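Asker: Numbering (this note's numbering) for the sequence shown: 813 to 1119. Built from N, CA and C at the ideal position, the CB exists for glycine as well. Note that the structure is a prediction, hence the values are computed from the model and not measured.
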Amino acid sequence: MLTHLNHFIPLNEVDPKIHRRGRPLKLKAIKVKTGYWRPGTDWVREVVDAVEDVIQDGDIVTVSEKAISTALGLMIDESKVEPGRIAKFLASFWMRRIWGGPLGKITKLRGHTLERLRKYPLSEGSAHKQVALKYAGILQSLRHYSEGGIDASNLPYSYVSLPLKEPQRFAKKLKEAFDIGGWRVEVLIVDGDTSYSWGNLHLAPRSVPVKGLTHLGGFLTFVIGRMLGFKSRSTPISFIGGAINPDWCLTLANVAHRVRGYGAGRTVWDMAETLGVGLSEVSWGMLDLVDHFPIVILRKLHRRAPG
813 MLTHLNHFIP LNEVDPKIHR RGRPLKLKAI KVKTGYWRPG TDWVREVVDA
863 VEDVIQDGDI VTVSEKAIST ALGLMIDESK VEPGRIAKFL ASFWMRRIWG
913 GPLGKITKLR GHTLERLRKY PLSEGSAHKQ VALKYAGILQ SLRHYSEGGI
963 DASNLPYSYV SLPLKEPQRF AKKLKEAFDI GGWRVEVLIV DGDTSYSWGN
1013 LHLAPRSVPV KGLTHLGGFL TFVIGRMLGF KSRSTPISFI GGAINPDWCL
1063 TLANVAHRVR GYGAGRTVWD MAETLGVGLS EVSWGMLDLV DHFPIVILRK
1113 LHRRAPG
């Protein structure tokens, strides 16, 4: 097991505009620093050990899905993948010409993102699209990043992580570990990929076992949400602890992801730039040296309504 470091950073006012129906509510977020969770890490033990001196009854313990997937070894080495014709087409024409051109502009991508897409790596990109086609399907493969939850950031060399197939099972496993220890907490697994909301309509980037979130396919969700200016928030993958309003669940996921940060970088390009190496040259040792905060504790602080 990796040696972990506990470093608690309280953020007393994550977002003063966060309220629930009824009494005003403020969230306190505590992000927890641990060592990098390499494959084989007992992530449940890591979480419990890291938070046992700070959690309180009623807290919501949020964990990064990406960190869990990495600890479980749910990864693919794309350097060993042989791309087919469709994957090569997606990497060359679709990513460079369509996403780097009209589609990127319609969905209001930033200028530096468009530049990166226009220079999308053909060899590595084709292998990545082949993995997306195999594990996520054609509609997800049309996305310009995080196809079906497949993620290359904060991983070494040519590895990508796969999403959890049954996230509720892992959330329940962590909840049971807390129950055994006598802690009455709720558990939320979070993906940084974006969901989009308009009123009571909540569009998730992929199918997740959270009631109230609708799945149209990652490509359509992103295009519709960006074009129409829907409210964007990070995605709750699984929640264990009772009934929860989907809008509130999305808010919790978004706060947790924003407080957690991006480790070595938000994207594989950012990661490579941060570490000063090529896209496939990041090593395990480099990632060990980066600060990682896979756990964020959310604590509800009720305030009296004025008057």
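Rank Ile1052, Leu954, Lys892 by C-alpha distance to the C-alpha of Ala903 and give the top, closest one.
Answerer: The option with the nearest alpha carbon to Ala903 is Leu954.
Asker: Measure the CB-CB distance between Glu877 and Asp991 and report whether it falls below 8 Å.
Answerer: No, Cβ-Cβ distance for Glu877 and Asp991 is not below 8 Å.
Asker: Which residues in the same chain have their Cβ closer than 8 Å to the Cβ of Asp869, if we skip the five residues on either side of it in sequence?
Answerer: Closer than 8 Å at the Cβ level, and outside the excluded window around Asp869, lie Trp995, Arg996, Val997.
Asker: Going by C-alpha to C-alpha distance, which of Val859, Leu915, Glu936, Ile1109 sits closest to Gly896?
Answerer: Here the closest residue by C-alpha is Glu936.
Asker: Curious, which full-length beta strand (DSSP E) runs of at least 3 residues does the segment 1040-1095 contain?
Answerer: You should have 1043-1052.
Asker: Give the straight-line distance between the Cα atoms of Leu951 and Gly1030, rounded to the nearest whole angstrom.
Answerer: Looking at the two C-alpha atoms, the distance is approximately 7 Å.
Asker: Roughly how many angstroms separate the alpha carbons of Val844 and Thr1006, rounded to a whole number?
Answerer: So the two alpha carbons sit approximately 23 Å from each other.
Asker: Quick test of your reading: Val873 and Ile1109, contact by CB under 8 Å. State the CB separation rounded to the nearest angstrom.
Answerer: Contact flag correct, Cβ pair sits at about 6 Å.
Asker: Just to confirm, is the Cβ distance from Leu1015 to Leu1028 under 8 Å?
Answerer: Yes, these two residues count as a Cβ contact at 8 Å.
Asker: Which runs of the alpha helix (DSSP H), 4 residues or longer, sit entirely within the segment 911-951?
Answerer: Correct list: 914-918, 923-930, 934-947.
Asker: On the DSSP bridge assignment, give the partners of Ser876 in chain order.
Answerer: According to DSSP, which records beta bridges pairwise, Ser876 is partnered with Val1002.
Asker: Please list, in chain order, all residues of the same chain as Pro812 whose beta carbon is under 6 Å from its beta carbon, the five residues on each side excluded.
Answerer: The displayed coordinates of the chain run from 813 to 1119. Any statement about residue 812 would go beyond what the structure contains.
Asker: So for Trp995, helix, strand or coil by DSSP?
Answerer: Coil, per DSSP.
Asker: Under 7 Å Cβ to Cβ from Leu1062, same chain only, skipping five residues before and after it: list those, please.
Answerer: The residues are Ser1007, Ser1009, His1014, Arg1045, Pro1048.
Asker: Find out if the Cβ-Cβ distance for the pair Gly960, Arg1038 is shorter than 8 Å.
Answerer: The answer is no: Cβ separation not under 8 Å.
Asker: Within its chain, find whatever has a CB closer than 7 Å to the CB of Leu1099; leave out the 5 residues flanking it on each side and keep chain order.
Answerer: The residues are Tyr848, Asn966, Pro968, Ala1076.
Asker: Measure the beta-carbon distance from Asp889 to Ser970 and round it to whole angstroms, keeping in mind my assumption that it falls under 8 Å.
Answerer: Right, their Cβ atoms sit about 6 Å apart.
Asker: I'd like the span of the alpha helix (DSSP H) that includes Ala903, first residue to last.
Answerer: No alpha helix (DSSP H) holds Ala903; DSSP gives it neither H nor E.
Asker: Mapping DSSP to helix, strand and coil, what is Arg1111?
Answerer: If DSSP states are grouped into helix, strand and coil, Arg1111 belongs with the strands.
Asker: Starting from the C-beta of Glu1085, find all residues in its chain whose C-beta is less than 8 Å away, skip the five residues before and the five after it, and write them out in chain order.
Answerer: Correct list, in chain order: Gly1077.
Asker: If I follow the unbroken alpha helix (DSSP H) through Val860, where does it start and stop?
Answerer: Unbroken alpha helix (DSSP H) run through Val860: 855-863.
Asker: Apart from the five residues on each side of it in sequence, which residues of its chain come closer than 7 Å, Cβ to Cβ, to Gly1090?
Answerer: Hits under 7 Å: Ala1084.
Asker: First and last residue of the beta strand (DSSP E) that includes Asp889?
Answerer: Run containing Asp889: 887-889, per the beta strand (DSSP E) assignment.
Asker: According to DSSP, is Pro975 part of a helix, a strand, or is it coil?
Answerer: Looking at Pro975 - three-state DSSP - the assignment turns out to be coil, as it is neither helix nor strand.
Asker: Just tell me which of Ile867, Val1067, Arg930, Leu921 has its CA closest to the CA of Trp906.
Answerer: Nearest C-alpha to Trp906: Arg930.
Asker: At which residues does the beta strand (DSSP E) containing Ala1016 begin and terminate?
Answerer: 1013-1016 is the span of the beta strand (DSSP E), which, as asked, contains Ala1016.
Asker: Between which two residues does the beta strand (DSSP E) holding Leu1025 run?
Answerer: Its beta strand (DSSP E) spans residues 1025-1027.
Asker: Just how far apart, CA to CA, sit Asn818 and Lys941?
Answerer: Caution applies to Asn818, whose pLDDT of 39 falls short of 50 and renders its modelled position unreliable; the value that the coordinates give is listed next. The straight-line gap from Cα to Cα measures roughly 37 Å.
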